[in-house]
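Visitor:
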Amino acid sequence: MRREPGPSVGVIGGGRLGSAVAGHARAEGLSVVLTCTRRGWRAERTPDVVIDASGPGAQDQVRAYCERNRTPLIECVSNLDDRQWDQLRVLARTVPVVRAANLSLGHYLQTRLLREVAALPEAFRPRASVRERHPVTKAHRPSATAVELGRTWSALSGGDPDDVSSLRGGLAVSDHEVMWTWQAETLSLCHSVGSLEAAAAGATAAARWVHGRKAGMESMDAVYEDLLHHHAAEYQ
């Protein structure tokens, strides 16, 4: 089946993630018509979708650009503060915004399984803990993904995790583990990422998904759930 050309994209950030996203988008046949690195903005034209893989310091400028041009935004920066997220919620009143602290399919599936365990009857519900590992170059701890896993467990199970722990060391890119403990047994669910191609593929999928949608704030869970639903419907 031949894939549609898809939207043009702008990629903000010239680091490892931004470079991976731009490379994957081009490999998927998307036109990268805007880039922004420390050397400045370079634009052939206004893109259909902006993918922000930069850092908190650039977020105000990115948000203003999307607001001015009414451009959908995939926000991949994980360590934004509350003020910045509040401003993105305001932006989402006029353009689609995807909150994408973790872009990978594996993280979506890990969260989906966490929800299944949290939904067990109280008599069968375990205690939980979360552990994350990143290389020493990771800017903050615990990671946004680990915090999100802990918050999701708390919201659905009614109890906080026993611990959310961090380790800095080892190879790129990351490990995120949820450990459940019952009276006499333990179940661990670990998601490991060995290449930023996993995140880049998610960013490209989100760009295709968000193009042409109505304004509003969405999550990567919503992106994957919709994509998987439509894929399943095609084969029924």
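Numbers given in the working numbering equal positions in the sequence shown, counted from 1, plus 18.
Every residue gets a Cβ at the ideal spot worked out from N, C-alpha and C, and that includes glycine.
Keep in mind it's a predicted model, so treat the numbers as computed, not measured.
1. Could you tell me which of His248, Gln128, Ala225 sits nearest to Ala43, measuring between CA atoms?
2. On the three-state DSSP scale, how would you describe His209?
3. I need the DSSP call for Thr199, collapsed to helix, strand or coil.
4. Distance, Cα to Cα, Arg63 vs Glu215?
5. Have a look at Gly24, Arg81, Thr55 and flag the residue whose alpha-carbon is nearest the alpha-carbon of Trp103.
6. Pull up the DSSP beta-bridge partners for Leu91, would you.
7. In three-state terms, what does DSSP make of Arg44?
8. Taking only the alpha-carbon atoms, compute the straight-line gap between Ala164 and Ala146 and give it to the nearest angstrom.
9. Measure the CB-CB distance between Val95 and Asp78 and report whether it falls below 7 Å.
10. When DSSP labels each residue in this structure, what does His152 get in the three-state scheme?
11. Have a look at the DSSP bridge pairing and note the partners of Cys312.
12. Are the Cβ atoms of Val228 and Val50 separated by less than 7 Å?
13. Thinking just about the alpha-carbon of each residue, which of Glu243, Trp59, Pro114 is nearest to the one in Lys232?
14. Can you check whether the CB of Arg151 is closer than 7 Å to the CB of Asp180?
15. Would the beta-carbon of Ala118 fall within 7 Å of that of Met238?
16. Let me check understanding here. Comparing Cα to Cα, which of Arg186, Leu207, Leu131 lies closest to Val148?
17. Taking 7 Å as the limit between beta carbons, can you name the residues of its chain near Glu166, skipping five residues before and five after?
18. So, are the CB atoms of Leu52 and Gly24 less than 7 Å apart?
19. Looking only at its own chain, which residues have a Cβ that is under 8 Å from the Cβ of Glu85, when we skip the five neighbours before and after it?
20. Starting from the Cα of Arg34, find the closest Cα among Trp171, Ala217, Leu131 and give me that residue.
Guide: Let's see:
1. Within the sequence shown, numbered from 1, the residue matching residue 43 stands at position 25. Out of His248, Gln128, Ala225, Ala225 has the C-alpha closest to the C-alpha of Ala43.
2. Numbered from 1 along the sequence shown, position 191 holds the residue referred to as residue 209. Looking at His209 - three-state DSSP - the assignment turns out to be strand.
3. Reading the sequence shown from its first residue, position 181 is the one you call residue 199. The answer is strand: DSSP assigns Thr199 an E or B state.
4. Here residue 63 refers to the residue found at position 45 of the sequence shown. Here residue 215 refers to the residue found at position 197 of the sequence shown. Approximately 26 Å between the Cα atoms of the pair.
5. On the sequence shown, position 85 is the one that residue 103 refers to. Considering only alpha carbons, the answer is Arg81.
6. For the purposes of this step, residue 91 is identified with residue 73 of the sequence shown, where counting begins at 1. According to DSSP, Leu91 bridges with Val68, Val115.
7. Looking up residue 44 in the sequence shown gives position 26. Arg44 falls in the helix class under three-state DSSP.
8. One-based indexing of the sequence shown puts residue 164 at position 146. One-based indexing of the sequence shown puts residue 146 at position 128. Their backbone Cα atoms lie some 12 Å apart in a straight line.
9. In the sequence shown, the residue the question calls residue 95 occupies position 77. In the sequence shown, the residue the question calls residue 78 occupies position 60. Their beta carbons are not under 7 Å apart, which means Val95 does not touch Asp78 by this criterion.
10. Against the sequence shown, residue 152 aligns to sequence position 134. Strand.
11. In the structure displayed, the chain extends from 19 to 254; residue 312 sits before or after that span and is not available.
12. Your numbering for residue 228 matches position 210 in the sequence shown. Your numbering for residue 50 matches position 32 in the sequence shown. The answer is no: Cβ separation not under 7 Å.
13. Along the sequence shown, read from residue 1 onward, the residue named residue 232 stands at position 214. It is Pro114 whose Cα lies nearest to the Cα of Lys232.
14. Taking the first residue of the sequence shown as 1, we reach residue 180 at position 162. Taking the first residue of the sequence shown as 1, we reach residue 151 at position 133. No, the pair does not count as a contact, with Cβ atoms beyond the cut-off.
15. Within the sequence shown, numbered from 1, the residue matching residue 118 stands at position 100. Within the sequence shown, numbered from 1, the residue matching residue 238 stands at position 220. Taking 7 Å as the Cβ cut-off, Ala118 and Met238 qualify as a contacting pair.
16. To locate residue 148, count along the sequence shown from 1; it is residue 130. Considering only alpha carbons, the answer is Leu207.
17. On the sequence shown, residue 166 is found 148 positions in, with the first residue counted as 1. Answer for Glu166: Ala119, listed in chain order.
18. Translated into the one-based positions of the sequence shown, residue 52 becomes position 34. Translated into the one-based positions of the sequence shown, residue 24 becomes position 6. No. Outside cutoff.
19. As a working mapping, residue 85 is identified with position 67 in the sequence shown. Taken in chain order, the residues that qualify are Leu109, Thr112, Val113.
20. If you number the sequence shown from 1, residue 34 lands on position 16. Comparing Cα-Cα distances from Arg34 to each of Trp171, Ala217, Leu131, the minimum goes to Ala217.
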